[in-house]
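As structure tokens, the structure follows; a few thoughts come after it.
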Amino acid sequence: MNVLQNLITGLKSLIQKPRIDSELDEELDSYMAASAAHKQHSGMSPEAATRAAKIEMGSRNSVKHQVWSSRWESFADNFLQDVRLGVRGLIKSPGFTSVALLSLTLGIGANTAIFTLMNAIMLRPLPVQNPQQLVLFGDGRAEGSTNDLPDGTWRLFSYPFFREFSSKTDAFSGVAAINSMPFGLYASVAGNALEPVNIDLVSGSYFSVLGVPPFLGRTISTADDQAPGGGPVVVANYAWFQRKFNGDPAAVGKLIRIQSHDYTLIGVAQPGFFGTNVGRSPDLWIPLSMEKEISPGWNGIGDKFFQSLDILARLKPGVSTPQASASTNLLFKQILRSDYVGANPSQKELASIQHANIELTSAANGLSGLRLTFSLPLKILMTIVGLVLLIACANIANMLLARGVTRAREVAVRMALGASRRRIVLQLLTESSLIAFTGAALGITLAWKASPILLHMAMPGPAPVPVNLTPDLPVLAFTLALTVLTALLFGTLPALKATRLALTPALKEGRGGGTASTRSILAQSLIVGQIALSVLLLASAGLFLRSLTNLTSIDTGFNKQNALLFSLDASAANLPHGSPEEIRSVQLQEQIESRVLAIPGVQSDSFSLFTFNNGSWTENATFQGIPNTPENRHDVFLNNVGNGYFATMGLTIQAGREFSSHDTQTSPKVAVINQTMAHLFFPDGSAVGHHFVLGDDPADPEEIEVIGIVKDAKYTSLGRSGQMAAYFPCTQRVGFYGNFTVRYAGDPGPIITAVRQIVAQANPNILVSGVSTLKEQVANSIATQSLIAQLSAFFGSLAVFLACLGIYGLMSYSVVRRTNEIGIRRALGAQTRTLLWMILRESVILLAFGLALGMPIALASAGILTKLLYQLSPTDPWTFATCAVIVAAMTLLAAWLPARRATKVDPIVALRCD
Amino acid sequence: MIQGTLDMLILKTLALEPMHGYGVALRIEQISDGVFRVNPGSLLPALSRMERAGRVKSEWRATENNRRAKYYLLTAKGRKALTAETEQWQRQIAAISRILEA
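In structure tokens form, the structure reads like this:
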């Protein structure tokens, strides 16, 4: 009989246990009968023979038990029995069960939720062929486009460079390029209404390098990516295809109209493939050859100085990353030397080439802005929730210890009846696992719901961040491992302790049990550990909250109250680009501005290239006759704005004038600069009337005159200060700028409706893609910090609460145990205060130990948080003092409640109690 | 009973003919002249274990007194096991004798 058969027979006998049992009974009967018959045959009387046979057999049940134990299914049977027993035990003590389950659900749930995010954002490999062979050129930290040649590490690359590099390299089996910035545009699918789509522009090699096959039709090929404008085709994301076409294969071949150009849907990518950027999933992929059609202002196809691409490459089998890196950099410098500088390069150019390098980083997990932003916060949150789970474990262990004491008699009875210690330990561990697994099941459910909410809180926006957060195998494995570890952590010691008892005294004891056990070192150190960990968690929560307060109380410079932000999308409006006609965009904006200004309640309004935290355009500035200093060499934040911008943002003009209708396309170029910029270039005098150019070349013909100085403000983030800024009028930097800000008074509702109408009247093809407020924009820019502060505050409070629950439980138990003693003391005339102190003393000592242990650990480890704190020392004394006071107050409260109850005990009752 | 020999003795007994539990116990006792007495508490678990291991199989048959009893039969696997265990046992006995005679 092989293992499988053994298994099947065992399972059968488990299911048909009564039948197996009666068969065994029959066998024993026939055994006895045969034995008696034999004895009778050799001369005994029937009665004597039967008796002798019975004596020979011994305990019938014992024989049956031995036969049953010789088979493997007896273990399974025991286990089922233990589970039944455990469930019954847990139902009998609902208080313990609900506290244990609640803390485990929160603990395991929080760990699973954070791990789900970590897994999705940091750990999961790209769903492509052999993702570990993929490398990224640069570290993926840049997005957008740049035209300066960095004197150091390169992050973005131009299309001509990509073409030349991929034709010459021999370290890679393939090289692909993706536009570093996604395009959010509007598309009309098969003649239907416009709807928003996200687009990634990719090289013809993209799908073949990644090894992503089509689900339907074909993917983009190199032939689609040859001549500019020569590849009007799209490949759809499987999820988008399902949404739009319900999986109908007839969709292939349909026309999709984007920016007044038609594209043929040639295929659908393999299900599950979301692109190469975690957290940014395009709906459509379009060849880079169509860049100009998708983004009319861009000219990346032919311009080697227009660097906007991320480059991904697949290592040839057998080529290591260092080898590839050496070969890449060699070829890179050759290309720089031959294409980017003239025949006689200057000393400076040679030095630049010397320093230029490409750092190859692994792209196995894809590119991800989310990863760069959230790595550290996620690791810190993971630590926090891990510690919370540890506290929960300590709490449950403590409760089990106390339970073990009350159950000493039960255990003693079972052991006296012959149960082995092993069997009882197993039974107690089964009970612990039962709690742990139920907690884990609830926790996974919690995490499933919680992780998308967390992600949304960290990255607020109208659409959910496209990251797959369904629990996959790694997440489930993590939770399973965590659960088993948890069960062992809180179950083992109490179980071992519960079974290590002297039987006689345990059996003799009345209610309650061994005096030594509750005051054991183990229980006390668990409490000390809990207090120490709560200090640590509460301190980090305090630091995050203080840092958040610092951030939110920052003076933004602009007035964030009563300002509405409209995002307008003109991609379907077919506005002129790159021609003298382009001024029509500006005229359209001015038309909208003046009509909106007429709405009752609107105080001022303006279009702008940026408002706050929605992108940036930077370049350095050179003033004529002003020497360069390290301070004024920094990049200047540049913005193109309408005439009402400063009034709308609440930025007051400090000197000179603001833009007016006299600043036109043909009048001299003007700019308003901020105080920081004025001060850095003209520390002693006024900047108004001086001329500057963008870039390093003072002989640049495009001179800009400073006409005014405006108050400093925050531009890209709240945490960044001292940034130089310059504003240009839209009339002199023509284009359609989609950010429209309206300052209002009163009820915003009717104003929003009116603005929508005005925009639709001005041009029905301009779409209002989003409405928010400046205040929300500011709040969203610190969403991550808010989330960390909120979560850490929640978990810090939970930690303190659990620790207090532990103290409360321990003290309540100790009071019950000492009822007798307290009664005697009271009868002898002890004062209430004396009694109170007698009982509280133990907790005060534990608290002191906990603080003495927790404070130094918290102080020492707070340094890790430095990067996440804004204008706050990680050892901020105020935070630490508050946190110590809170922990002390809560602990003493938790101890005081049972202590006070003890002093109210009636001495007569106390003395009568056994 | 010498440690670890019960299985071998049971197999040997069953090699002669199929038998029910008491028959096996009786036969071992008789052949050993009452030196080995096997009680049901060790015999039946041993039979159950060997049945699971596929060395014996069982079937219900009528006894000479017209009762139903579970008879155990040796399987091919059990026969092989008996040969192997017997050989090993004899090697051990021979070795022990040599040591004792030395």
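Read top to bottom, the protein sequences are chains A and B.
So the first sequence is numbered by our numbering: it starts at 24 and just counts up by one.
So the second sequence is numbered by our numbering: it starts at 1135 and just counts up by one.
Every residue gets a Cβ at the ideal spot worked out from N, C-alpha and C, and that includes glycine.
Could you tell me which of A:546, A:152, A:177, A:740 sits nearest to residue 235 of chain A, measuring between CA atoms? Against the first sequence, residue 235 of chain A aligns to sequence position 212. Minimum Cα distance to residue 235 of chain A is reached at A:152.
Mapping the DSSP letters down to three states, classify residue 118 of chain A as helix, strand or coil. Locating residue 118 of chain A in the first sequence gives position 95, counting from the first residue. Correct three-state label for residue 118 of chain A: helix.
Closer than 9 Å, Cβ to Cβ, to anything on chain B: give me those residues from the region 27-52 of chain A, in chain order. 28, 29, 32, 33, 46, 47, 49, 50, 51, 52
For residue 922 of chain A and residue 835 of chain A, the rounded distance between their alpha carbons: Residue mapping note: residue 835 of chain A aligns to position 812 of the first sequence, counting from 1. Residue mapping note: residue 922 of chain A aligns to position 899 of the first sequence, counting from 1. Those two C-alpha atoms are separated by around 8 Å.
If you draw a straight line from the alpha carbon of residue 1236 of chain B to that of residue 1226 of chain B, how long is it in whole angstroms? Residue mapping note: residue 1236 of chain B aligns to position 102 of the second sequence, counting from 1. Residue mapping note: residue 1226 of chain B aligns to position 92 of the second sequence, counting from 1. Whole-angstrom Cα-Cα distance: 15 Å.
Are at least three pairs of beta-carbons, each pair with one atom in the region 431-445 of chain A and one in the region 156-173 of chain A, less than 8 Å apart? no
With 8 Å as the threshold, decide whether the Cβ of residue 1182 of chain B is near any Cβ in chain A. Stepping through the second sequence from its first residue, residue 1182 of chain B is reached at position 48. Yes, residue 1182 of chain B counts as interfacial toward chain A.
Are the Cβ atoms of residue 781 of chain A and residue 401 of chain A separated by less than 8 Å? Translated into the one-based positions of the first sequence, residue 781 of chain A becomes position 758. Translated into the one-based positions of the first sequence, residue 401 of chain A becomes position 378. No, Cβ-Cβ distance for residue 781 of chain A and residue 401 of chain A is not below 8 Å.
Just how far apart, CA to CA, sit residue 83 of chain A and residue 454 of chain A? The sequence position of residue 83 of chain A within the first sequence is 60, counting from 1. The sequence position of residue 454 of chain A within the first sequence is 431, counting from 1. Each residue's alpha carbon lies about 31 Å from the other.
Could you tell me whether the region 376-395 of chain A touches the region 294-301 of chain A, using the rule of 3 or more Cβ pairs below 8 Å? yes
From residue 70 of chain A to residue 60 of chain A, what does the alpha carbon distance come to, in whole angstroms? Translated into positions along the first sequence, residue 70 of chain A becomes position 47. Translated into positions along the first sequence, residue 60 of chain A becomes position 37. Taking the straight line joining both Cα atoms gives about 11 Å.
Taking the straight line between their C-alpha atoms, what separation do you get for residue 338 of chain A and residue 381 of chain A? Along the first sequence, one-based indexing puts residue 338 of chain A at 315. Along the first sequence, one-based indexing puts residue 381 of chain A at 358. Distance between the alpha carbons of residue 338 of chain A and residue 381 of chain A is about 15 Å.
Of the residues A:562, A:822, A:809, A:797, which one's Cα is nearest the Cα of residue 901 of chain A? The count along the first sequence starts at 1 and reaches residue 901 of chain A at position 878. The shortest Cα separation from residue 901 of chain A among A:562, A:822, A:809, A:797 belongs to A:562.
Partner residues on chain B for residue 80 of chain A, Cβ-Cβ distance less than 9 Å: Within the first sequence, the letter at position 57 stands for residue 80 of chain A. Within 9 Å Cβ-Cβ: 1173, 1174, 1175.
Can you tell me the Cα-Cα spacing of residue 62 of chain A and residue 1184 of chain B, whole angstroms? Here residue 62 of chain A refers to the residue found at position 39 of the first sequence. Here residue 1184 of chain B refers to the residue found at position 50 of the second sequence. Going by the C-alpha atoms only, they are around 28 Å apart.
Please tell me whether residue 917 of chain A has its Cβ less than 8 Å away from any Cβ of chain B. In the first sequence, counting from the first residue as 1, residue 917 of chain A sits at position 894. By this cut-off, residue 917 of chain A is not an interface position.
Assign residue 490 of chain A to buried or exposed, taking buried as 16 or more other Cβ atoms, counted over all protein chains shown, within 10 Å of its Cβ. Stepping through the first sequence from its first residue, residue 490 of chain A is reached at position 467. By the neighbour-count rule (16 or more Cβ atoms within 10 Å), residue 490 of chain A is buried.
At which residue ranges does the region 213-277 of chain A contain complete alpha helix (DSSP H) runs of 4 or more residues, listed in the order of the chain? 229-233, 261-268
Exposure label - residue 628 of chain A; buried when at least 16 CB within 10 Å: Within the first sequence, numbered from 1, the residue matching residue 628 of chain A stands at position 605. Under this definition residue 628 of chain A is a buried residue.
State the CB to CB distance for the pair residue 352 of chain A and residue 829 of chain A, rounded to an integer number of angstroms; the pair is presumed to be in contact (CB under 8 Å). On the first sequence, residue 352 of chain A is found 329 positions in, with the first residue counted as 1. On the first sequence, residue 829 of chain A is found 806 positions in, with the first residue counted as 1. That belief does not hold up - the Cβ atoms of residue 352 of chain A and residue 829 of chain A are roughly 58 Å apart, past 8 Å.
Out of A:193, A:94, A:461, state which residue places its alpha-carbon closest to the alpha-carbon of residue 965 of chain A. Here chain A has residues from 24 to 937 only, and residue 965 of chain A is not among them.
Start and end of the beta strand (DSSP E) containing residue 384 of chain A? Taking the first residue of the first sequence as position 1, residue 384 of chain A is located at position 361. First-last of the beta strand (DSSP E) with residue 384 of chain A: 383-385.
Is the beta carbon of residue 291 of chain A sitting closer than 8 Å to the one on residue 256 of chain A? Translated into the one-based positions of the first sequence, residue 291 of chain A becomes position 268. Translated into the one-based positions of the first sequence, residue 256 of chain A becomes position 233. It is not a contact, given that the beta carbons lie outside the stated cut-off.
Quick one: which residues of the region 90-105 of chain A get their C-beta closer than 9 Å to a C-beta of chain B? List them in chain order. 90, 91, 92, 93, 94, 95
Please list, in chain order, all residues of the same chain as residue 187 of chain A whose beta carbon is under 8 Å from its beta carbon, the five residues on each side excluded. Position 164 of the first sequence, counted from the first residue, corresponds to residue 187 of chain A. Same-chain partners within the cutoff: 358, 362.
Buried or exposed by the 16-neighbour rule on C-beta atoms within 10 Å, applied to residue 1010 of chain A: Shown here, chain A extends from 24 to 937; a query on residue 1010 of chain A therefore has no answer.
Let's see if you can read the secondary structure: which residues bound the beta strand (DSSP E) around residue 943 of chain A? Lying before the first or after the last residue shown, residue 943 of chain A is absent from chain A, which here runs from 24 to 937.
Give me, in chain order, the residues of the same chain whose beta-carbon lies closer than 6 Å to that of residue 624 of chain A; leave out the 5 immediate sequence neighbours on both sides. Walking along the first sequence from the start, residue 624 of chain A turns up at place 601. Result list for residue 624 of chain A: 767, 768, 769, 774, in chain order.
When Cβ atoms are compared, which residues of the region 891-910 of chain A fall closer than 8 Å to chain B? none
Determine which residues of the region 60-75 of chain A have a Cβ less than 9 Å from any Cβ of chain B, and write them out in chain order. 60, 61
Helix, strand or coil at residue 54 of chain A [DSSP, three-state]: Taking the first sequence and counting its residues from 1, the one referred to as residue 54 of chain A is at position 31. If DSSP states are grouped into helix, strand and coil, residue 54 of chain A belongs with the helices.
Using the C-alpha atoms, what's the distance from residue 547 of chain A back to residue 916 of chain A? One-based indexing of the first sequence puts residue 916 of chain A at position 893. One-based indexing of the first sequence puts residue 547 of chain A at position 524. Going from the Cα of residue 916 of chain A to the Cα of residue 547 of chain A covers about 18 Å.
By DSSP's criteria, residue 1204 of chain B is part of a beta bridge. Which residues make up the other side? Position 70 of the second sequence, counted from the first residue, corresponds to residue 1204 of chain B. Answer is B:1194.
Exposed or buried, residue 269 of chain A, counting other C-beta atoms within 10 Å across all chains shown (16 or more means buried)? Working through the first sequence from its first residue, we reach residue 269 of chain A at position 246. By the neighbour-count rule (16 or more Cβ atoms within 10 Å), residue 269 of chain A is not buried but exposed.
Closer than 8 Å, CB to CB, is residue 1199 of chain B near chain A or not? Residue mapping note: residue 1199 of chain B aligns to position 65 of the second sequence, counting from 1. Chain A, which has a Cβ nearer than 8 Å to the Cβ of residue 1199 of chain B, makes this yes.
On the DSSP letters alone, give me the boundaries of the beta strand (DSSP E) that residue 587 of chain A sits inside. Here the question's residue 587 of chain A lines up with position 564 in the first sequence. That run of the beta strand (DSSP E) goes 586-592.
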